[in-house]
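S.K.: I'd like to ask some things about the structure below.
There are 2 protein chains.
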Amino acid sequence: MKPIQVGLLGLGTVGSGTYEVLKRNQAEIQRRLGRPVVISMVADLDTAKAQALVGPDCQVVADAKQVIANPEIDIVIELIGGYGIALELVMSAIEAGKHVVTANKALLAVHGNAIFAAAQRQGVMVGYEAAVAGGIPIIKSLREGLSANRIEWLAGIINGTTNFILTEMREKGLSFDVALKEAQALGYAEADPTFDIQGIDAAHKVSIMSAIAFGIPMPFAKAYIEGITQLQAEDIEFAKQLGYRIKLLGISKKTAHGIELRVHPSLVSEKSLIANVEGAMNAVMVKADAVGTTLYYGKGAGGEPTASAVIADLVDIARLSTADAACRVPYLAYQPAAIQDLPVLAIDDVETCHYLRLGVADQAGVLANVTGVLAECGISIDAMLQQPAAHGLDQTELIILTHVAQERVMNAAIQKIQQLPTVLKPVIRIRKEDLS
Amino acid sequence: MKPIQVGLLGLGTVGSGTYEVLKRNQAEIQRRLGRPVVISMVADLDTAKAQALVGPDCQVVADAKQVIANPEIDIVIELIGGYGIALELVMSAIEAGKHVVTANKALLAVHGNAIFAAAQRQGVMVGYEAAVAGGIPIIKSLREGLSANRIEWLAGIINGTTNFILTEMREKGLSFDVALKEAQALGYAEADPTFDIQGIDAAHKVSIMSAIAFGIPMPFAKAYIEGITQLQAEDIEFAKQLGYRIKLLGISKKTAHGIELRVHPSLVSEKSLIANVEGAMNAVMVKADAVGTTLYYGKGAGGEPTASAVIADLVDIARLSTADAACRVPYLAYQPAAIQDLPVLAIDDVETCHYLRLGVADQAGVLANVTGVLAECGISIDAMLQQPAAHGLDQTELIILTHVAQERVMNAAIQKIQQLPTVLKPVIRIRKEDLS
């Protein structure tokens, strides 16, 4: 059979990883697919560097539009990133009747609905396994592997940078700032780490998973997003004493009232598998009605792990492109006509457990006051930890784990607790998830 | 589009789970697939019980051949189990031009090559996601999700019964016999647990994974198989003291000399994710060149988890059956013409680390003698643990962890150690895997 001709836009870390892996494993991939997949054209602004990288057999151009205009090209891989030129190129590739593969989670989270609608009109496929959790086949598992199930919730460590920072903070007792600098020095965090540490990257990814898990339009605009920049080393230590680790989780859950979609630091039991996912690794847990809980673990970033997902999409397209378009795996896992625009809950309506840390005066009656407020608000207590007051100080730390309470109710309780004269510092609150 | 008509052979735990999940989630599945999938005919010897279970809308027959003969049926699900009648029925379904879905790992491990050859001739698909690790989409991940990679090795906890027993032994300090009885009482082990506790079930499953990971014919006949019946509570305890847990692993690895394929108890570092897979849960680790290490975790047995995999196969067949037969996912992940009959290594040729436990006389020179033998054989020591002699006894236990050594060399060393006059009991040896 005739080789699949691929055009690659953007020869950065993932682009050159993709070129390299496809070349290295060409024979193995052909043994599986039955025909060659060849990157025959590459677009990159630095043509000299690109040409040196891909060698003489591959045509290199500066203008990505030339790749899209080439009638020999079957599939266009977009690895430029961002929402600007990448959106324009993806849309014109689709208009030109090319199948598209992209690792661009930001693009899909923000413009996915428009991109998939255009692809549907043109009858082309859009592969995006690489957009979530790098090389872990989580998109395939959600869209295909779990297709028998009603998915109830998913929760993932889907940003390696923040998981690396949290691991360093816990293992070495570092502050956030120091751990971030270390991550930057080691190449785990970028010079401008905003998207990672503020949880935006994780929100892009969990939004994509939420859409395909529940059959809703891409819900990124409605996500609640909180990063790890405010996390203190003390809370990681207290969580440890209580048997928990703090992870930045992307969570989406289907409830009777709508879809929860949120990214924030969460306490998870140290006995759970996901709590033991350390360093820059990623993992996604999925709870579904028939299969129960499954977990998928691996490298969430890096040139070759991401290339693994990009190339798997190429192979899938080569396989499915001969099937009736109506029979292919739908873009968002559900048939376009079956997508339901379910409400996404405001964070105030979300129910979780909570970790509270209170700086309180070391005197009689404090505990009674605090627990009295919680009882008034109908919030019950799961566990408590009181530190002995440091020598010579008349204040101490009180840590409380609560059972499930609605965010709105918890906010009101915290406001009341904050007003108690014996509560001396701003109350620290971190959500806690029960992922069993 | 016209509904996919499915015939189901065998209405036991998995069969009734499949019927139930498909009925319960019919709407959700149709939202994904775009057309209904309906079990319209069931064969089971107990027709009265079966009819009561499936209700009046589904035809129940005692003779499975009637299902296969029905021209309306597109896909036949085989959930009878075993190699006898199941083989006959699967072959005649294929001959009748039906696509087949099966959860029967024993059948595939033993007769897979013949079954896939027949299916290839007839142009029908054979889905078997449910045959390995229940609802975990590991077959899909290996055949499709990791298609860019050269797979280097895989190692899995793929038998829930034995993992439950090992967890009970470790957590409660039970002997194998007591833990087995407990597993039977709780329904985690069958009345005749032979296939599970002797490692045969795990060997069926790892053989299937080995074939699709490396592109070789089904290698079950050449697997090395050792169960957990000889495991002693002491070794689980000593392993714990050294930072390890003992798991029954199915392992397959591609080496320069051939394929390793083995099932046996293994020490794994308690820090690894797979060591923390407890109770009846399953997990498979896969190491591949581009993606690195990935892990897949979930329930490996039970009616509904297995049904999840069976139904995912139905959905896949409905999707891919309209594609060119040459473009579909190949039965064993590789195109039939690309399957290579690589040698499977005898256990003597396998290289692993080892745990040794020696009952030795509590006297000077013992350690020098033992370590002398290991040094002579070129086996180096990684860690050692010597128990203080119990009060009044003149013998003690010596535990040694070795670095990598070939099984043949280790056997020779153990034989020499056994002959030392200060070694008072048979040497206990358990392999140890480094899964990083």
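Listed in order, the protein sequences are those of chains A and B. So the first sequence is numbered by my numbering: it starts at 1 and just counts up by one. So the second sequence is numbered by my numbering: it starts at 437 and just counts up by one. We treat Cβ as the ideally placed atom computed from N, Cα and C, and that holds for glycine. Fair warning: this is a prediction, and the values are worked out from it, not measured in the lab.
1) Helix, strand or coil for B:Asn595, going by three-state DSSP, please let me know.
2) Would you report the Cα separation of A:Thr294 and A:Ile274, rounded to the nearest angstrom?
3) Taking the alpha helix (DSSP H) that B:His547 belongs to, which residues open and close that run?
4) Can you tell me where the beta strand (DSSP E) with A:Met41 in it begins and where it stops?
5) What residues of chain A sit near B:Pro741, judged by a beta carbon separation below 8 Å?
6) Within its chain, find whatever has a CB closer than 6 Å to the CB of A:Leu398; leave out the 5 residues flanking it on each side and keep chain order.
7) Alpha carbon to alpha carbon, how far is A:Lys432 from A:Leu367? Give it in angstroms, no decimals.
8) May I have the straight-line CA-CA distance separating A:Ala213 from B:Gly517, to the nearest angstrom?
9) Specify whether the region 696-711 of chain B and the region 605-614 of chain B touch according to this definition: at least 3 beta carbon pairs, one from each stretch, less than 8 Å apart.
10) In chain A, which residues lie less than 7 Å from B:Val457 when you measure between Cβ atoms?
11) Does any CB atom of chain A fall closer than 7 Å to the CB of B:Ala774?
12) What would DSSP say about B:Lys874, mapped onto helix, strand or coil?
13) In the DSSP output, what is B:Asn718 paired with across the bridge?
14) Hey, does A:Thr322 have any beta-carbon neighbour from chain B nearer than 7 Å?
15) How would you call A:Leu186, buried or exposed, if buried means at least 16 neighbouring beta carbons within 10 angstroms?
16) I'd like to know whether the C-beta of B:Ile747 is nearer than 7 Å to at least one C-beta of chain A.
17) Tell me whether the region 701-716 of chain B and the region 664-679 of chain B touch, counting them as touching only if at least three CB pairs, one residue from each stretch, are closer than 8 Å.
18) Thinking C-alpha only, which one of A:Asn104, A:His204, A:Gly279 is nearest A:Leu166?
19) I'd like the ranges of any beta strand (DSSP E) spanning at least 3 consecutive residues and lying wholly in the region 771-840 of chain B.
20) Taking only beta-carbon atoms, is B:Gly734 less than 7 Å away from chain A?
21) Name, please, each residue of chain B whose Cβ falls closer than 8 Å to the Cβ of A:Pro330.
22) For B:Gly470 versus B:Gly734, is the C-beta spacing smaller than 7 Å?
23) Flag this pair as yes or no: are the beta carbons of A:Asp313 and A:Asp362 separated by less than 7 Å?
24) Return the Cβ separation of A:Val54 and A:Val6 in integer angstroms, given the expectation that the two are a contact with Cβ distance under 8 Å.
25) Give a yes or no on whether the C-beta atoms belonging to B:Ala615 and B:Glu604 are separated by under 7 Å.
26) Does B:Arg844 have its Cβ less than 7 Å from a Cβ in chain A?
27) Tell me the residue span of the beta strand (DSSP E) that contains A:Ile428.
28) I believe A:Arg319 touches B:Arg764 by the beta-carbon criterion, under 8 Å. Please report the beta-carbon distance rounded to the nearest angstrom.
29) Going along chain B, which residues have a C-beta under 8 Å from A:Val315?
30) Pick from B:Ile530, B:His700, B:Pro741: whose alpha carbon is nearest that of B:Phe552?
31) Please classify A:Tyr334 as buried or exposed, where buried requires at least 16 other C-beta atoms within 10 Å of its C-beta.
32) I need the straight-line Cα distance from A:Asp316 to B:Ala555, nearest angstrom please.
33) From the DSSP output, which residues share a beta bridge with A:Tyr331?
34) Kindly indicate if chain A contains any beta-carbon less than 7 Å away from that of B:Tyr604.
35) Report the residue ranges of all alpha helix (DSSP H) runs contained in full by the region 15-87 of chain A; include only those spanning at least 4 residues, in chain order.
36) Quick check for students: name the residue ranges of the beta strand (DSSP E) that lie wholly in the region 602-637 of chain B, counting only runs of 3 or more.
M.R.: On the basis of the data shown:
1) Look at B:Asn595 here: in three-state DSSP terms it is coil, with no helix or strand label.
2) So the alpha carbons of these two residues sit roughly 11 Å apart.
3) Counting along the chain, the alpha helix (DSSP H) containing B:His547 begins and ends at 541-558.
4) A:Met41 -> beta strand (DSSP E) spans 37-43.
5) Within chain A, the residues placing a beta-carbon under 8 Å from that of B:Pro741 are Ala290, Val291, Gly292, ordered along the chain.
6) Spatial neighbours of A:Leu398 in its own chain (CB-CB distance under 6 Å, excluding positions within 5 residues in sequence) are listed in chain order as Leu358, Val360, Gln386.
7) One C-alpha to the other measures close to 21 Å.
8) Just so you know, the alpha carbons of A:Ala213 and B:Gly517 end up roughly 32 Å apart.
9) Contact fails: fewer than three Cβ-Cβ distances are below 8 Å.
10) Per Cβ cutoff of 7 Å: Ala148, Ala290.
11) Taking CB atoms only, B:Ala774 has a neighbour in chain A less than 7 Å away.
12) Nothing can be reported for residue 874 of chain B, as the shown portion of chain B is limited to 437 through 872.
13) DSSP lists B:Gly734 as the bridge partner or partners of B:Asn718.
14) Output row for A:Thr322: interface = yes.
15) Exposed.
16) It does; some Cβ of chain A falls within 7 Å.
17) Yes: the two stretches touch, three or more of their Cβ pairs being nearer than 8 Å.
18) Among A:Asn104, A:His204, A:Gly279, the Cα nearest to that of A:Leu166 belongs to A:Gly279.
19) Positions of the beta strand (DSSP E) runs, each at least 3 residues long and wholly inside the region 771-840 of chain B, are given as 787-797, 817-822, 831-838 in order along the chain.
20) For B:Gly734, at least one C-beta of chain A is nearer than 7 Å to its own C-beta.
21) In chain order: Arg468, Gly470.
22) Judged by their CB atoms, B:Gly470 and B:Gly734 are not nearer to each other than the 7 Å cut-off.
23) Cβ atoms of A:Asp313 and A:Asp362: not closer than 7 Å.
24) Between A:Val54 and A:Val6 the beta-carbon gap is near 12 Å, outside 8 Å, which marks them as no contact.
25) The Cβ atoms of B:Ala615 and B:Glu604 lie closer than 7 Å to each other.
26) With 7 Å as the cut-off, B:Arg844 does not count as an interface residue toward chain A.
27) Residues 428-432.
28) The pair is a contact, with the Cβ atoms about 7 Å apart (cut-off 8 Å).
29) Against chain B, the beta carbon of A:Val315 has neighbours under 8 Å at Glu580, Ser583, Ala584, listed in chain order.
30) Considering only alpha carbons, the answer is B:Ile530.
31) Counting the other CB atoms within 10 Å of its CB gives A:Tyr334 a total of 16 or more, which places it among the buried residues.
32) Roughly 21 Å between the two C-alpha positions.
33) Answer by DSSP bridge pairing: none, since A:Tyr331 is not bridged.
34) A small correction: the amino acid at residue 604 of chain B is Glu; Tyr does not occupy that position in the sequence shown. Chain A has no Cβ within less than 7 Å of the Cβ of B:Glu604.
35) With a minimum length of 4 residues, the continuous alpha helix (DSSP H) runs that stay inside the region 15-87 of chain A are 26-33, 47-54, 64-69.
36) Counting whole runs of 3 or more residues, the region 602-637 of chain B contains no beta strand (DSSP E) stretch at all.
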